[in-house]
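Trainee:
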Amino acid sequence: MRKHGDSKEWQSERAAANGILNRRVFLEGAFVAAAAGTGSTAAGAEPLPVQGWMKQPGAGFSAYGQPSRFESKVARTIAPPANPATQGIGTARTPLQLLTGMITPNGLHFDRSHSGTPDIDPDQHRLLIHGLVKRPLTFTLDALARYPMESRISFIECAGNSGALSTAQAQPGNAQAIHGLLSCAEWTGVRLATLLDEAGVEPSAKWVVAEGADSAAMSRSVPLAKCMDDALVCLYQNGERVRPSNGYPIRLLLPGFEGNMNVKWLRRLKLTDAPVMAKDETSKYTVLLPDGKAWQFVFPMEVKSIITHPSPGLTLRGAGFYEIAGLAWSGQGRIRQVEVSADGGSSWAPAALQEPVLPKALTRFRAPWQWNGGPAILQSRATDDTGRMQPTRAQFVAERGLRGQYHYNAISTWRIDEKGEASNAFA
Amino acid sequence: MHSLDRIASRAALMIGAAMICAAVPAFSAEAPRFGAAIAPGDLSSWDISIGPDGAGLPPGRGTPAQGEAVYVAKCQACHGEKGAGRPNDVLVGGFGTIASDRPAVKTVGSYWPYATTLFDYIRRAMPFNESKSLTGDEVYAVSAYILQLNGVIGADDALDAQSLPKVKMPNRDGFTPFPR
Numbered sequence: 089m090r091k092h093g094d095s096k097e098w099q100s101e102r103a104a105a106n107g108i109l110n111r112r113v114f115l116e117g118a119f120v121a122a123a124a125g126t127g128s129t130a131a132g133a134e135p136l137p138v139q140g141w142m143k144q145p146g147a148g149f150s151a152y153g154q155p156s157r158f159e160s161k162v163a164r165t166i167a168p169p170a171n172p173a174t175q176g177i178g179t180a181r182t183p184l185q186l187l188t189g190m191i192t193p194n195g196l197h198f199d200r201s202h203s204g205t206p207d208i209d210p211d212q213h214r215l216l217i218h219g220l221v222k223r224p225l226t227f228t229l230d231a232l233a234r235y236p237m238e239s240r241i242s243f244i245e246c247a248g249n250s251g252a253l254s255t256a257q258a259q260p261g262n263a264q265a266i267h268g269l270l271s272c273a274e275w276t277g278v279r280l281a282t283l284l285d286e287a288g289v290e291p292s293a294k295w296v297v298a299e300g301a302d303s304a305a306m307s308r309s310v311p312l313a314k315c316m317d318d319a320l321v322c323l324y325q326n327g328e329r330v331r332p333s334n335g336y337p338i339r340l341l342l343p344g345f346e347g348n349m350n351v352k353w354l355r356r357l358k359l360t361d362a363p364v365m366a367k368d369e370t371s372k373y374t375v376l377l378p379d380g381k382a383w384q385f386v387f388p389m390e391v392k393s394i395i396t397h398p399s400p401g402l403t404l405r406g407a408g409f410y411e412i413a414g415l416a417w418s419g420q421g422r423i424r425q426v427e428v429s430a431d432g433g434s435s436w437a438p439a440a441l442q443e444p445v446l447p448k449a450l451t452r453f454r455a456p457w458q459w460n461g462g463p464a465i466l467q468s469r470a471t472d473d474t475g476r477m478q479p480t481r482a483q484f485v486a487e488r489g490l491r492g493q494y495h496y497n498a499i500s501t502w503r504i505d506e507k508g509e510a511s512n513a514f515a
Numbered sequence: 058m059h060s061l062d063r064i065a066s067r068a069a070l071m072i073g074a075a076m077i078c079a080a081v082p083a084f085s086a087e088a089p090r091f092g093a094a095i096a097p098g099d100l101s102s103w104d105i106s107i108g109p110d111g112a113g114l115p116p117g118r119g120t121p122a123q124g125e126a127v128y129v130a131k132c133q134a135c136h137g138e139k140g141a142g143r144p145n146d147v148l149v150g151g152f153g154t155i156a157s158d159r160p161a162v163k164t165v166g167s168y169w170p171y172a173t174t175l176f177d178y179i180r181r182a183m184p185f186n187e188s189k190s191l192t193g194d195e196v197y198a199v200s201a202y203i204l205q206l207n208g209v210i211g212a213d214d215a216l217d218a219q220s221l222p223k224v225k226m227p228n229r230d231g232f233t234p235f236p237r
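Written out as structure tokens, the structure is:
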């Protein structure tokens with residue numbers, strides 16, 4: 089176990105208590121100088137072997153590439169259904185602690201479905217726009233593919249993400265189990281405003297009821313203003329056609345809005361003068377407050393961040409240098425700042441933000457950390473460019489209690505023990 | 058001769074186009090319009106939306122007693138006897154838990170603000186493994202049964218397109234807009 093903690097160079101770069109270093113060490117390479125002279129010696133090293141795969145040709149080509157067989161643990165987790173007779177109600181969670189960057193690979197994008205994944209023939213699929221429009225229209229996939237396209241890197245977060253933190257006492261769980269209903273992709277499609285303009289929106293229209301072609305015909309009411317602003321009818325996800333579990337052949341993207349509204353398998357858009365009061369905007373996805381009232385139409389996923397490295401399951405191997413890394417996002421804008429703390433929020437230091445920092449997209453942040461081998465309480469807090477800062481758990485609870493079930497965005501905590509193991513904690 | 062004629066006519070067109078271009082300062086492209094018009098009558102099978110005012114409710118009628126038979130045959134296996142829940146969602150009861158310190162039991166009776174939502178969801182999504190298979194009468198009847206179990210309507214109250222939107226749900230005023 090090497091300890092750099094006492095070197096003068098590191099001391100000078102300390103930015104917050106318990107070993108958080110100044111992010112400038114990334115930019116200026118300060119830690120290279122600091123580490124010089126403390127590297128381990130070559131004594132006792134084994135001669136390098138020439139492995140078998142260097143001595144014979146490898147495998148041939150594959151039509152659709154797959155990850156290395158050594159990466160099989162990088163997979164979504166699927167909770168067993170409460171009722172085996174009703175398959176398809178549930179979630180597949182993204183392994184956030186095993187990924188980096190800002191983009192979620194398509195096979196690992198989270199999936200929340202209410203009646204399974206339909207097997208849709210794109211040639212038979214239609215998008216219908218009707219209601220308060222001058223000309224009801226249908227669109228084939230071939231027709232949609234002819235419109236000018238627009239790409240947007242956007243996160244999608246289930247409104248129920250991090251709901252596991254709504255308990256009075258912290259329960260065991262890793263980043264995937266607690267926060268894994270969160271993903272980010274480059275979505276490409278047709279601006280919904282283009283299609284609505286073609287149909288001719290009547291002045292009395294205020295809402296658009298979006299409906300999927302799944303067995304439950306999942307539907308949500310969306311404000312017309314959002315549809316005319318930045319909504320996309322997406323055909324592509326990270327360059328290939330949208331995956332079935334994410335809405336093939338087309339899904340609605342409402343950047344920054346709660347996941348449930350980004351209707352998958354989109355088949356119908358009905359313009360109305362009032363919300364339709366669908367099941368998922370009344371009995372579900374409403375935020376119950378302590379006084380028994382519930383917030384309805386809670387659209388944006390508010391500013392939030394989580395630390396993915398270190399996190400439960402990623403055990404620290406001895407004191408020394410570690411990079412604290414994580415994700416920050418806001419459904420209301422661009423991430424302006426992320427700060428990290430190793431002492432439970434008593435002291436904070438700004439993290440480095442990885443470019444590009446895009447509105448309503450995941451932003452990767454990193455902070456250098458010198459772990460002294462003792463207990464640490466790791467937290468991150470994000471601020472977006474509207475000025476909103478992620479609330480502490482106490483602030484969050486003071487505003488809305490813990491009965492809301494949805495839209496949990498308080499600062500979350502990993503406790504690091506002397507063995508280097510991380511666990512979910514409230515602090 | 059024929060091809061010469063075509064060349065000549067194309068040349069004439071090009072000259073004409075050049076003159077038009079000279080007269081019009083900016084070339085205006087035609088906006089892409091690839092949607093196909095559809096008559097209202099041809100989309101009615103897809104338009105299953107039902108508003109809280111009852112707009113879109115189909116013909117039909119059903120009583121709680123009629124609904125009980127449908128419920129026992131097609132709903133009870135997942136939602137329990139008399140809507141008690143388990144393995145799937147509880148549909149009945151939970152009164153007094155919404156505004157309390159106890160865990161909230163959100164049911165059709167204790168939480169749902171509109172009876173039209175109940176009808177709409179049953180019609181579009183239930184029974185889970187055979188959605189959109191119930192007749193209009195059956196959906197009205199099952200809706201009536203669940204509302205009667207919750208004490209929202211009486212045992213003799215029949216539901217149809219006129220009476221369903223008039224049902225006053227206990228938690229109708231339980232919702233408030235998100236403040237930001």
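Sequence order for the protein chains is A and B.
Residue 89 is where the first sequence starts when you use the numbering used here, and the numbers rise one by one after that.
Residue 58 is where the second sequence starts when you use the numbering used here, and the numbers rise one by one after that.
Glycine residues also receive a C-beta, built at the ideal position from the N, C-alpha and C atoms.
(1) Contact between the stretch 413-420 of chain A and the stretch 462-475 of chain A is defined here as three or more beta-carbon pairs at a separation below 8 Å; is this criterion met?
(2) Is A:Leu115 buried or exposed, if buried means 16 or more other CB atoms sit within 10 Å of its CB?
(3) Does A:Asn354 come within less than 8 Å of chain B when only Cβ atoms are used?
(4) What runs of the beta strand (DSSP E), each 3 residues or longer, lie entirely inside the stretch 151-202 of chain B?
(5) Ordered along the chain, which non-local residues of its own chain (more than five positions away) have a Cβ less than 6 Å from that of A:Pro183?
(6) Could you spell out the range, first to last residue, of the beta strand (DSSP E) harbouring A:His218?
(7) Does B:Gly231 come within less than 8 Å of chain A when only Cβ atoms are used?
(8) Closer than 9 Å by beta-carbon distance: list the chain B residues that pair up with A:His218, in chain order.
(9) If you count every other CB in all the chains shown that lies within 10 Å of the CB of A:Gly344, and 16 or more means buried, which is it?
(10) Is the stretch 232-243 of chain A in contact with the stretch 433-450 of chain A, if contact means three or more CB pairs nearer than 8 Å?
(11) Jot down the residue ranges of each uninterrupted alpha helix (DSSP H) in the stretch 274-356 of chain A, minimum 4 residues, whole runs only, in chain order.
(12) Could one say the Cβ of B:Gly150 lies closer than 8 Å to chain A's Cβ atoms, at least one of them?
(13) Count the other CB atoms within 10 Å of the CB of A:Pro157; is the residue buried (16 or more) or exposed (fewer)?
(14) Please confirm if the stretch 277-294 of chain A is in contact with the stretch 361-369 of chain A, defined as three or more CB-CB distances below 8 Å between the two stretches.
(15) The beta strand (DSSP E) with A:Glu456 in it runs from where to where?
(16) Out of A:Arg214, A:Tyr324 and A:Ile177, which one is the CA nearest neighbour of B:Asn312?
(17) State yes or no: is the C-beta of A:His196 within less than 8 Å of the C-beta of A:Pro210?
(18) So what's A:His197 in DSSP terms, helix, strand or just coil?
(19) Grab the span of the beta strand (DSSP E) containing A:Val428 for me, first residue to last.
(20) Check whether the Cβ of B:Thr120 lies closer than 8 Å to any Cβ atom in chain A.
(21) Considering only their Cβ atoms, is the gap separating A:Ser250 from A:Ser500 smaller than 8 Å?
(22) Buried or exposed, going by whether 16 or more other CB atoms sit within 10 Å of the CB of A:Trp275?
(23) Run through DSSP, which three-state label would A:Ser254 get?
(24) In terms of residue numbering, what span does the beta strand (DSSP E) encompassing A:Glu411 cover?
(25) If you run the structure through DSSP and keep just helix, strand and coil, what is B:Trp103?
(26) Hey, how far is the Cα of B:Ala86 from the Cα of A:Glu286?
Mentor: Looking at the coordinates:
(1) At 8 Å Cβ cutoff, the stretches touch.
(2) Within the first sequence, residue 115 of chain A is the residue found at index 27, counting from 1. Its Cβ having fewer than 16 others within 10 Å, A:Leu115 is exposed.
(3) Taking the first residue of the first sequence as position 1, residue 354 of chain A is located at position 266. The amino acid occupying residue 354 of chain A in the given sequence is Leu; Asn does not appear at that position. Not a single C-beta of chain B is nearer than 8 Å to the C-beta of A:Leu354.
(4) Those beta strand (DSSP E) runs which fall completely within the stretch 151-202 of chain B and span 3+ residues do not exist here.
(5) For the purposes of this step, residue 183 of chain A is identified with residue 95 of the first sequence, where counting begins at 1. Here A:Pro183 has Val162 and Gln264 as same chain residues with Cβ atoms under 6 Å from its own Cβ, once five neighbours each way along the sequence are excluded.
(6) Your numbering for residue 218 of chain A matches position 130 in the first sequence. Secondary structure note for A:His218: its beta strand (DSSP E) is the uninterrupted segment Leu215 to Gly219.
(7) Here residue 231 of chain B corresponds to residue number 174 of the second sequence, with the count starting at 1. Yes, because at least one Cβ of chain A sits closer than 8 Å to the Cβ of B:Gly231.
(8) Here the question's residue 218 of chain A lines up with position 130 in the first sequence. Think of a sphere of 9 Å around the beta carbon of A:His218: the chain B residues whose beta carbon falls inside it are Ile95, Pro97, Leu100, Trp103 and Asp104, in chain order.
(9) Within the first sequence, residue 344 of chain A is the residue found at index 256, counting from 1. Flag for A:Gly344 reads buried.
(10) They touch, by the three-pair rule.
(11) You should have 280-287 and 312-317.
(12) Position 93 of the second sequence, counted from the first residue, corresponds to residue 150 of chain B. No, because no Cβ of chain A sits closer than 8 Å to the Cβ of B:Gly150.
(13) Counting from one through the first sequence, the residue named residue 157 of chain A turns up at place 69. Per the sequence shown, the amino acid found at residue 157 of chain A is Arg instead of Pro. Around the beta carbon of A:Arg157, a 10 Å sphere encloses fewer than 16 other beta carbons of the protein chains shown; the residue is thus reported as exposed.
(14) The stretch 277-294 of chain A, when compared against the stretch 361-369 of chain A, does touch it at the 8 Å Cβ threshold.
(15) Indexing the first sequence from 1 puts residue 456 of chain A at position 368. In the sequence as presented, Glu is not what sits at residue 456 of chain A; that position holds Pro. Where A:Pro456 is concerned, the enclosing beta strand (DSSP E) stretches over Thr451 to Trp459.
(16) Given that chain B is displayed from residue 58 to residue 237, the structure contains no residue 312 of chain B and the question cannot be resolved.
(17) For the purposes of this step, residue 196 of chain A is taken as the residue at position 108 of the first sequence. For the purposes of this step, residue 210 of chain A is taken as the residue at position 122 of the first sequence. One detail in the question is off: residue 196 of chain A reads as Leu in this sequence, not His. The beta carbons of A:Leu196 and A:Pro210 sit no closer together than 8 Å.
(18) On the first sequence, position 109 is the one that residue 197 of chain A refers to. Secondary structure of A:His197 (DSSP, three-state): coil.
(19) Residue 428 of chain A sits at position 340 when you count from the first residue of the first sequence. Residues Ile423 to Ser429.
(20) The residue labelled residue 120 of chain B in the question sits at position 63 within the second sequence. With a threshold of 8 Å between beta carbons, B:Thr120 makes no contact with chain A.
(21) As a first step, residue 500 of chain A must be located in the first sequence, where it is residue number 412. As a first step, residue 250 of chain A must be located in the first sequence, where it is residue number 162. A:Ser250 is positioned such that its CB atom lies closer than 8 Å to that of A:Ser500.
(22) Position 187 of the first sequence, counted from the start, is the residue given in the question as residue 275 of chain A. When all chains shown are included, A:Trp275 counts as buried.
(23) Position 166 of the first sequence, counted from the start, is the residue given in the question as residue 254 of chain A. Helix.
(24) In the first sequence, the residue the question calls residue 411 of chain A occupies position 323. Where A:Glu411 is concerned, the enclosing beta strand (DSSP E) stretches over Gly408 to Trp417.
(25) Within the second sequence, the letter at position 46 stands for residue 103 of chain B. Three-state DSSP puts B:Trp103 in coil, outside helix and strand.
(26) Reading the second sequence from its first residue, position 29 is the one you call residue 86 of chain B. Reading the first sequence from its first residue, position 198 is the one you call residue 286 of chain A. About 15 Å.
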